[in-house]
Amino acid sequence: MPQIAFPPPDPAILARREDIVAGLAAILPADGLIADLAGRRAFETDALTAYRRPPLAVALPRSVEEVAAVMRFCRDAGVNVVPRGAGTSLSGGAIPQEDAIVLGLSKLNRILEVNLADRYARVQAGVTNLAISEAVAADGFFYAPDPSSQLACTIGGNVGMNSGGAHCLKYGVTVNNLIGVKLVAVDGEILEFGGPQPDAPGLDWLGVVCGGEGPLGVVVEATVKLIRAAEGARPVLFGFDSCADASRCVAAIIAAGIVPVAMEYMDKPAIAICENFAKAGYPLDVEAMLIVEVEGGEAEMAAELERIAAIAKTHGVRVIRESMSAMESAQIWKGRKSAFGATGRVADYICMDGTVPTSRLPEALDRVGEICASYGLRVANVFHAGDGNMHPLILYDVNDPEQQRKAEAAGMDVLRMSVALGGSLTGEHGVGIEKRDLMSCQFSPADLAQQKRVRAAFDPQARLNPAKVFPLEGGAA
Amino acid sequence: MILDAAATLAPADEQEARAMVAEAKLGEEALDITGGGSRNGIGRPPEGGRRLSTVRLAGIVFHEPAEMVLRARSGTPLSVVEAALDAHGQMLPFEPIDHRLLYGGGGEPTVGGLAATNASGPRRVSVGAARDSLIGLRVINGSGEAIMSGGRVMKNVAGLDLVKLNCGALGTLGLIVEATFKLLPRPECEATIVIRRLDEARAVAAMTAALGSPYGVSGAAALSPGMGREFSRTFLRLEGFAASVDHRVNALLKSLAEFGAERVLNGDDSRRLWRSVRDVEFLAEPRERAVWRIGVRASRAVDFLARLGPRARAHFFDCGGAIIWLATDPTPADAAAVRAALAPSGGHATLVRAPAALRAAVDVFQPQSASLMALTRRVKAAFDPQRLFNRGRMYAGI
Numbered sequence: 024m025p026q027i028a029f030p031p032p033d034p035a036i037l038a039r040r041e042d043i044v045a046g047l048a049a050i051l052p053a054d055g056l057i058a059d060l061a062g063r064r065a066f067e068t069d070a071l072t073a074y075r076r077p078p079l080a081v082a083l084p085r086s087v088e089e090v091a092a093v094m095r096f097c098r099d100a101g102v103n104v105v106p107r108g109a110g111t112s113l114s115g116g117a118i119p120q121e122d123a124i125v126l127g128l129s130k131l132n133r134i135l136e137v138n139l140a141d142r143y144a145r146v147q148a149g150v151t152n153l154a155i156s157e158a159v160a161a162d163g164f165f166y167a168p169d170p171s172s173q174l175a176c177t178i179g180g181n182v183g184m185n186s187g188g189a190h191c192l193k194y195g196v197t198v199n200n201l202i203g204v205k206l207v208a209v210d211g212e213i214l215e216f217g218g219p220q221p222d223a224p225g226l227d228w229l230g231v232v233c234g235g236e237g238p239l240g241v242v243v244e245a246t247v248k249l250i251r252a253a254e255g256a257r258p259v260l261f262g263f264d265s266c267a268d269a270s271r272c273v274a275a276i277i278a279a280g281i282v283p284v285a286m287e288y289m290d291k292p293a294i295a296i297c298e299n300f301a302k303a304g305y306p307l308d309v310e311a312m313l314i315v316e317v318e319g320g321e322a323e324m325a326a327e328l329e330r331i332a333a334i335a336k337t338h339g340v341r342v343i344r345e346s347m348s349a350m351e352s353a354q355i356w357k358g359r360k361s362a363f364g365a366t367g368r369v370a371d372y373i374c375m376d377g378t379v380p381t382s383r384l385p386e387a388l389d390r391v392g393e394i395c396a397s398y399g400l401r402v403a404n405v406f407h408a409g410d411g412n413m414h415p416l417i418l419y420d421v422n423d424p425e426q427q428r429k430a431e432a433a434g435m436d437v438l439r440m441s442v443a444l445g446g447s448l449t450g451e452h453g454v455g456i457e458k459r460d461l462m463s464c465q466f467s468p469a470d471l472a473q474q475k476r477v478r479a480a481f482d483p484q485a486r487l488n489p490a491k492v493f494p495l496e497g498g499a500a
Numbered sequence: 439m440i441l442d443a444a445a446t447l448a449p450a451d452e453q454e455a456r457a458m459v460a461e462a463k464l465g466e467e468a469l470d471i472t473g474g475g476s477r478n479g480i481g482r483p484p485e486g487g488r489r490l491s492t493v494r495l496a497g498i499v500f501h502e503p504a505e506m507v508l509r510a511r512s513g514t515p516l517s518v519v520e521a522a523l524d525a526h527g528q529m530l531p532f533e534p535i536d537h538r539l540l541y542g543g544g545g546e547p548t549v550g551g552l553a554a555t556n557a558s559g560p561r562r563v564s565v566g567a568a569r570d571s572l573i574g575l576r577v578i579n580g581s582g583e584a585i586m587s588g589g590r591v592m593k594n595v596a597g598l599d600l601v602k603l604n605c606g607a608l609g610t611l612g613l614i615v616e617a618t619f620k621l622l623p624r625p626e627c628e629a630t631i632v633i634r635r636l637d638e639a640r641a642v643a644a645m646t647a648a649l650g651s652p653y654g655v656s657g658a659a660a661l662s663p664g665m666g667r668e669f670s671r672t673f674l675r676l677e678g679f680a681a682s683v684d685h686r687v688n689a690l691l692k693s694l695a696e697f698g699a700e701r702v703l704n705g706d707d708s709r710r711l712w713r714s715v716r717d718v719e720f721l722a723e724p725r726e727r728a729v730w731r732i733g734v735r736a737s738r739a740v741d742f743l744a745r746l747g748p749r750a751r752a753h754f755f756d757c758g759g760a761i762i763w764l765a766t767d768p769t770p771a772d773a774a775a776v777r778a779a780l781a782p783s784g785g786h787a788t789l790v791r792a793p794a795a796l797r798a799a800v801d802v803f804q805p806q807s808a809s810l811m812a813l814t815r816r817v818k819a820a821f822d823p824q825r826l827f828n829r830g831r832m833y834a835g836i
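So, in structure tokens, the structure goes:
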């Protein structure tokens, strides 16, 4: 029996479904509205696939004006709205409810402006993360945040969730790379925050919209920083005989004043799964592996690697393997970035996203192992070690309700442990529906009430992406 | 001891601060929050209220060098934080401006003032502003509740980010009691390429080329003739391990050969220069002039200045030209001219230094749309419904 509750749908809205669909049909072109059940089912879940609810209807506007028209209609009709990019949320951030419409932004998929002199791009919300980097790669630029789902996930969703990725150790997460947003507020008004110049005046709207998980407005356009890529980049594999050695090595590298571009951790089960999938040349006979990426000119990379290798040697590193070609580097990253997909081929899993202070990583890894073992479940660990953002993949069988219950319970224990060690419930996947009931572990009632009051300043009736982020009022009901 | 109701409140700890705010709420008494007083010239003049100082809320709560994170109480002098970081070869990444040269007053920059003003410096061009390094904040809201947002880990997306909302809000939303920053290792070495005698368009072009290069430029500024030398100078900073800086200096010199790049400042010479840029030393005198901070696309910086014409009494570029520090005469007509000249370029102008009368008479911050003003009011009310904190400091009536 799945653990996450949904509020009961509003019967009055369900009863008016046909009117609501007709109202939307008057605003949207025929191919911009999905009302049949089979079509709606395609939007009933996201990457948290254990939970699904078919929405009332799906609106696929082609323009900002159509988004605004849909929002005005929903305001007048009193209908809740769940915005959706590519539906890759791992926390259920895009899962609808039966009495809400999905507002899909996939048709807003144009790159509006690329300005290399001022180093920014202005794109519509449905543009994929990777498409931005691809558009400027020939000129040597890139967009820094690189979530594993970057091939599919959209910039609108990235803004909603404040997405991270492997390379944010050096370049920051979405909020550090986002300089402007156009959004449609819950009442249909179009608002613009920030812009292509630094330090937008007034309150930091970008800071609160980014990672707000939708309720502050429907993001329709984003202006993002473009960064010139370094001369070269090289990932290096470091294999260790113990997980503790590998995690202590991470803390030691940072303590030595070295901030590599990326520092990724994989344990033995994760290495085996990813190697089998990507043939990246990962060492199979080690207990844990770090992928450390350095960048710069040849001599620079060599000098930095020498320092890192010296630290690794004092932490019992057994295997050091440098990428010797661009193709090899691509394989190494392909293995890491396909970790979730590759794991999905061997088992069902839930992916946790807690962050712990890096000095507590060895302890946290031990605790993850103990927690999963106590439920009789296997776990593969693959995560962003440099910033303490753990991703234990808890393996289970989705067809076994008992296992699903145990996996979810183990996951929640892992997150409580992350908070107890001074960390956070979520480093980059967001709260969504998955973790909302744990928010009270991390925040006091006063903290949560303050956040809700800010939310209400944007969306007084909580119509946008409702029943996410905050614990449901009065428990499940 | 004389109990004087007009005396400054100075809570010794969070509990006392909460009680004072709660009392102010009951008595419907506005509070004018100050830290070390070195940045009191920022924003609109206070609309009265009882002074509340954070100076006794002092001390580093923790500094974890291996995690590159530091938490300090809001009244902690920045110098105390910097000394602690120095001892471990670390720094606040964003190189916060010290406003004392500009305001010519005393005071002591504090952690809270830094967070409340989002104070950053030349390294902003590569690592962002204070808000990009501020990962946790504890504030007391207008109901006297202590509100925690963020935390001590650099990746944290749980809940709404009230950290950034309070950063740069000039204390209008809440009384900051604690701030947590992510840190960076202090670079082992730095070097600055100097290019002389470029006109403004060429200076911006050189900075744009450098910032678009793969060499990781962490400072890009251009000074006008008369600022230290009789000719213009364009500066590009590189930081990191010695071998890396050497390599990148040579590579960048080569790629900027067409601009006549050949001179390099090292070590203390480089550090001194960037401190002057950071603290806007070149516009500190004459004192009566108004000083503006302009945010604009670098590609439009020169056009903006051309439109403004002789009202620009002195100026220099930071952030590759995307930030212009500008001095004008302190008059409403000059303020109107600055904003009018900026309008076609897009961007924003903040009046950083001016007599109180001028700051009360003209918009200190770039005026925002009616919708954003309404949203600002609602967010203010969400934190501080009775408008206790720093009334009118950002916008009249808020």
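Read top to bottom, the protein sequences are chains A and B.
The first sequence runs 24 to 500 under the numbering used here.
The second sequence runs 439 to 836 under the numbering used here.
C-beta: ideal position from N, C-alpha, C; glycine also.
Keep in mind it's a predicted model, so treat the numbers as computed, not measured.
CA-to-CA, the gap between R107(A) and V209(A) works out to about 15 Å. Counted as a single uninterrupted DSSP element, the stretch harbouring T514(B) is not any alpha helix (DSSP H), since DSSP gives it neither H nor E. For the stretch 335-392 of chain A, the full-length beta strand (DSSP E) segments reaching 3 residues or more read 340-345 and 371-374 along the chain.
Scanning the stretch 588-667 of chain B from its first residue to its last, the whole beta strand (DSSP E) runs of 3-plus residues come out as 613-620, 627-634 and 657-661. In the DSSP annotation of this structure, the continuous segment of the alpha helix (DSSP H) that includes M440(A) starts and ends at P424 to A443. For I761(B), the beta-bridge partners assigned by DSSP are G733(B) and D756(B). For the stretch 438-470 of chain A, the residues whose beta carbon sits under 8 Å from a beta carbon of chain B are, in order, G445, G446, S447, L448, T449, G450, E451, H452, G453, V454, K458, M462, Q465, F466, S467, A469 and D470.
Taking 8 Å as the upper bound for CB-CB distance, E310(A) and S265(A) are in contact here, some 5 Å apart. Put simply, of L575(B), L540(B), T514(B) and M506(B) the residue whose alpha carbon is nearest the alpha carbon of P793(B) is L540(B). Of the other Cβ atoms in all chains shown, 16 or more fall within 10 Å of the Cβ of D141(A); this residue is therefore buried. Under a criterion of Cβ atoms nearer than 8 Å, the residues of chain B adjacent to L139(A) are, in order, G650. The residues P560, A659 and D756, in chain order, have a CB closer than 7 Å to that of V715(B) in the same chain once the five nearest residues on each side in sequence are set aside.
Taken atom to atom, the span from the alpha-carbon of V196(A) to that of D42(A) is near 42 Å.
At least one CB of chain B lies nearer than 8 Å to the CB of G411(A). For D54(A), there are no C-beta contacts with chain B under 8 Å, since the nearest C-beta of that chain is about 32 Å from it.
At a beta-carbon threshold of 8 Å, the residues of chain B lying near Q220(A) are G733, V734, R735, A760, G784, G785 and H786, ordered along the chain. Partner residues in the beta bridge of D290(A), as assigned by DSSP, are A311(A). Here DSSP, grouped into helix, strand and coil, assigns R749(B) to helix. Interface criterion not met: the Cβ of A349(A) is under 8 Å from no Cβ in chain B.
Among the CB atoms of chain A, one or more fall inside 8 Å of the CB of K593(B). Two segments are said to touch when three or more pairs of C-beta atoms, one from each, lie closer than 8 Å; by this definition the stretch 254-264 of chain A touches the stretch 340-348 of chain A. 8 Å or more divides the Cβ of G550(B) from the Cβ of G589(B). Looking at the DSSP output, N704(B) bridges to A629(B). In the three-state reduction of the DSSP assignment, R486(A) falls in the coil class, being assigned neither a helical nor a strand state. Scanning the stretch 57-87 of chain A from its first residue to its last, the whole beta strand (DSSP E) runs of 3-plus residues come out as 80-82.
Under the DSSP definition of a beta bridge, T766(B) partners with A728(B). The beta-carbon of L600(B) is placed less than 8 Å from the nearest beta-carbon of chain A. Contact annotation: in the stretch 578-590 of chain B, residues whose CB is within less than 9 Å of a CB in chain A are N579, S581, E583, A584, I585, M586, S587, G588, G589 and R590.
With respect to chain B, the C-beta atom of S352(A) has no partner C-beta closer than 8 Å. In this structure, DSSP gives R142(A) a state outside helix and strand, which the three-state scheme calls coil. For G235(A), the neighbours in chain B by C-beta distance under 8 Å run, in chain order, L598 and D599. Contact between E638(B) and L743(B) is confirmed by a C-beta separation of about 7 Å, below the 8 Å threshold.
Here the alpha carbon of A35(A) sits roughly 26 Å from the alpha carbon of A53(A).
Taking CB atoms only, H685(B) has a neighbour in chain A less than 8 Å away.
Scanning chain B for C-beta atoms nearer than 7 Å to the C-beta of L226(A) yields L603, A607, T814 and V817, reported in chain order.
Three or more Cβ pairs closer than 8 Å define a contact, and the stretch 243-252 of chain A falls short of that threshold against the stretch 807-822 of chain B.
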